Amino acid sequence: MLDYQQKLAIIESFPELEKKEVSLGRVNFQYSGSVADKKNVVYHLHPNGNGYVYAKGIGGYEADAKGMVNIRDFSEEDLQAIIKKAIHALSAEGAYETATADGNDHEIWLSRNGQKLEVIYENELWNVYAGELLDGTFRTYREAREYLIEEGFRPETTRNR
C-alpha cells in the first residue's frame, strides 16, 4: 500500500491536474480541461492515504453512487492507470467515446407538433440543427439533451444515456 507522499507524487506527475487544498489536510486534484460538469479527478486525498478517484462510467472499478473509487489500497500502477482513464473520460475525446459508444454520433428529436431537430457531434461539440440552420451548440451531449427536453422535444428513438 502506498503512503500519502507516494500517492501525492504519482498524482502530481500528471501535469494536467491542478492541486486544490481542502479541509483537514486533504487535497483535491482537478482537471481544468474537463468537458463535463465534474472537474475533480482525485477527491479528498487524506494524509492517512485514503482518497477517491472519479471513475464514473469507467469499466473495471467498483464506484460508489457518486462515481468515486476508493484508492486506499491501490498500487502505483493501479493508481496511474485509474487517473489516466479518469482524465481521458473527462476529456473531449473521452466524452465523445462515451456519448457515441453505441456507434451513433447523431440523432433526430421530434416535438409534439412534428417539428424535427437533429443533434450532431461535430468538432468536439454537440450541434442542434433545424434543417440546415444551426439552432444551438453545446459542450456536452447532456447539455444538448437538457435543452431539447426543455423545448418539448423527445428523441425519435430512445437511447440509453
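Take 402 as the starting number for the sequence shown in this note's numbering and just add one per residue.
All C-beta atoms in this analysis are idealised placements derived from N, C-alpha and C, irrespective of residue type, glycine included.
On a predicted model such as this, the values are computed, not experimentally measured, just so you know.
{"Asked": "Outcome for lysine 467 when other beta-carbon atoms lying within 10 angstroms are tallied against a minimum of 16", "Found": "exposed"}
{"Asked": "Inter-residue Cα distance where the pair is glutamine 431 and glycine 515", "Found": "43 Å"}
{"Asked": "Completely contained beta strand (DSSP E) runs for the stretch 466 to 544, where each covers 3 or more residues", "Found": "469 to 471, 507 to 512, 517 to 523, 526 to 531 and 534 to 539"}
{"Asked": "Coil, strand or helix - arginine 427 by DSSP", "Found": "coil"}
{"Asked": "Segment contact flag, the stretch 476 to 492 with the stretch 406 to 416, C-beta cutoff 8 Å, min 3 pairs", "Found": "yes"}
{"Asked": "Beta-carbon contacts of threonine 559 that lie in its chain and below 6 Å, excluding the five residues immediately before and after", "Found": "Per-residue confidence for threonine 559 stands at a pLDDT of 45, beneath the threshold of 50, marking its modelled position as unreliable; the derived number appears in the next sentence. Cβ within range, chain order: n/a, list empty."}
{"Asked": "Contact set for arginine 578: own chain, Cβ-Cβ below 7 Å, skip 5 residues either direction", "Found": "This structure leaves residue 578 out entirely; the chain is present only between 402 and 562."}
{"Asked": "Where asparagine 524 falls, given that 16 or more other Cβ within 10 Å makes a residue buried", "Found": "exposed"}
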